[in-house]
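Report on the following structure.
Chains as they are written, first to last, in our numbering: chain A, 1 to 184; chain B, 185 to 368.
Put into C-alpha cells, the structure is as follows:
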C-alpha cells in the first residue's frame, strides 16, 4: 500500500462556513507525523499557502531532524523524516505523482455528511491498488473547493454520536488505524 | 456501558525506566476530553500529585466552562464538563465507586508487551458488564506499581510496527475507537 496524508490549512472553513487559512499548530506537526510513521504512511504534507508559516514548519523540522531535538528524542527525528511542507494540495499531488509514478486518488475526511460516503474498508482496498492521499482539514473542515475534487469521502468517524468535535490529531489517528491498523 | 478514562502523570516512567511525575500538557486535557465525549465516556480524570499542576488544570477547566472560552467555543465546554483533576489513581477509583456503586475494573494500555494481554473485544465486553477505568500513562508509560494492579492490559496498538511512539493523545483516541467505535 502506498498512502500519504496531508494536513490542510487552506482552503478550510471557519465556524461560520467562510473559507479561511488556519495557523499551523506545532503539536499537529508532531502528532500526525508520529501516527503516520506508526502506520507506515509514505509521507506527510503540511499544506499552507503562507510563507511565514512554511518557514515555521521548516524550523520545527530542522530542530528535530538536525538540531538538539534529534539528539535528545531520536524517535521524533524518525517520525518527522517523512514530513514536508508545501504550498497547496496540488503541490502535494504533484510530489506524489513524481515519486509514485501516478497521481494519487484523493480521499477526504469530514465530520459532516451530505455526500456519498465510502467505508474504511473500501478506501483501504482502493489504496492497496493505487496511491492515495488522505486529506485532513483543520478549522471546521475542508472547503467545498477541495471536497468537490476528491475520489472518496470517508464516513464520519462516529456518525451517530451526539458530539462530533474530535481534534484533527485524534481524527487522523483514528482514521489511519481504521484504514491500516492491526485487527483485534 | 460505563467507562472512565484517566491520564496518569504519576507514577510513570521516563526514558531510562525511572519513576517520575510528568508535567500536565494543556492539549492533552482538551484532546482526550473531546475524544472521551465523542465515545460517550462517563468521565475523564487528569491525575497528578502536584498541587500547582492541579490548580493549572482547574484554571484551564474554569476558562472553558465559565470563562470567555465557553462563550467562544461552546463544544469545548461540553467536552470539558466531564473532566476533573485528582491527586492519585486511587482517588479516581474512589470517585467512580461512589458514583457507579461498584469499584471499576482497571484497564491499562502499554506500548510494551511482556504481560498477558487482552484483546479490545474482550475489554469492551468486560466494560459492558462492569464499570471500567482505562489508564493512559504519560512519559514512557505507566510504572510497574500501577501495571501490577490492573485487571486487563490491552494489546499494543500496532504490535508489529517498527515504530511505536504514538502520542498519548493519539493512543487514547485509537483505544476508545477500538473499544467503543462504530464499525465500518
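Here a beta-carbon is modelled for each residue, glycine too, at the ideal position from N, C-alpha and C. All of these numbers come straight from a predicted model, not from anything done at the bench.
Contact with chain E by residue i, beta-carbon distance below 7 Å
i, result
"residue 347 of chain B", "The structure shown contains no chain E; its protein chains are A and B."
Limits of the unbroken alpha helix (DSSP H) element including residue i
i, result
"residue 30 of chain A", "26 to 38"
"residue 352 of chain B", "352 to 364"
"residue 10 of chain A", "Neither: residue 10 of chain A is in no alpha helix (DSSP H) and is coded neither H nor E."
"residue 145 of chain A", "144 to 147"
"residue 294 of chain B", "Neither: residue 294 of chain B is in no alpha helix (DSSP H) and is coded neither H nor E."
"residue 57 of chain A", "51 to 65"
"residue 305 of chain B", "304 to 313"
"residue 273 of chain B", "273 to 284"
Residue nearest to residue i in terms of C-alpha spacing, selected from the options
i, options, result
"residue 132 of chain A", "A:157, A:153, A:106", "A:106"
"residue 167 of chain A", "A:92, A:7, A:37, A:146", "A:7"
"residue 156 of chain A", "B:365, B:339, B:336", "B:365"
"residue 151 of chain A", "A:2, A:161, A:109, A:162", "A:109"
"residue 130 of chain A", "A:62, A:164, A:149, A:101", "A:101"
"residue 26 of chain A", "A:43, A:1, A:80", "A:80"
"residue 1 of chain A", "A:11, A:29, A:43", "A:43"
"residue 235 of chain B", "B:346, B:333, B:311, B:272", "B:272"
"residue 49 of chain A", "A:118, A:90, A:127, A:126", "A:90"
"residue 118 of chain A", "A:159, A:141, A:145", "A:159"
"residue 349 of chain B", "B:333, B:329, B:325", "B:325"
"residue 231 of chain B", "B:310, B:312, B:329, B:193", "B:193"
"residue 161 of chain A", "B:345, B:212, B:367, B:213", "B:367"
"residue 53 of chain A", "A:29, A:126, A:145", "A:29"
Integer-rounded CB distance, given that residue j should sit under 8 Å from residue i
i, j, result
"residue 41 of chain A", "residue 4 of chain A", "6 Å"
"residue 276 of chain B", "residue 229 of chain B", "4 Å"
"residue 338 of chain B", "residue 299 of chain B", "No, residue 338 of chain B and residue 299 of chain B are not in contact; Cβ-Cβ is about 10 Å, not under 8 Å."
"residue 355 of chain B", "residue 195 of chain B", "Their Cβ separation, rounded to whole angstroms, is 18 Å, which puts residue 355 of chain B and residue 195 of chain B out of contact at 8 Å."
"residue 347 of chain B", "residue 78 of chain A", "6 Å"
Pair within 7 Å by beta-carbon distance, residue i and residue j
i, j, result
"residue 31 of chain A", "residue 169 of chain A", "yes"
Residue interval of the beta strand (DSSP E) (run including residue i)
i, result
"residue 133 of chain A", "132 to 137"
"residue 86 of chain A", "83 to 86"
"residue 69 of chain A", "Here residue 69 of chain A belongs to no beta strand (DSSP E); instead the alpha helix (DSSP H) covers 68 to 72."
"residue 370 of chain B", "Past the boundaries of the shown model lies residue 370 of chain B; chain B is included only from 185 to 368, so the question cannot be answered."
"residue 347 of chain B", "Premise fails: residue 347 of chain B is in no beta strand (DSSP E) and is neither H nor E."
"residue 201 of chain B", "Counting along the chain, residue 201 of chain B falls outside any beta strand (DSSP E), and DSSP gives it neither H nor E."
"residue 47 of chain A", "43 to 47"
Are the stretch 280 to 287 of chain B and the stretch 297 to 311 of chain B touching, with three or more C-beta to C-beta distances below 8 Å? no
At a cut of 8 Å, does the stretch 237 to 245 of chain B reach the stretch 268 to 278 of chain B through at least three beta carbon pairs? yes
So, does the stretch 136 to 145 of chain A touch the stretch 11 to 25 of chain A, judging by three or more C-beta pairs under 8 Å? yes
Touch test, the stretch 193 to 204 of chain B against the stretch 256 to 263 of chain B, Cβ-Cβ under 8 Å, three pairs minimum: no
Is it the case that the stretch 214 to 225 of chain B contacts the stretch 351 to 361 of chain B, given that we only count it when at least three CB pairs across the two stretches are under 8 Å? yes
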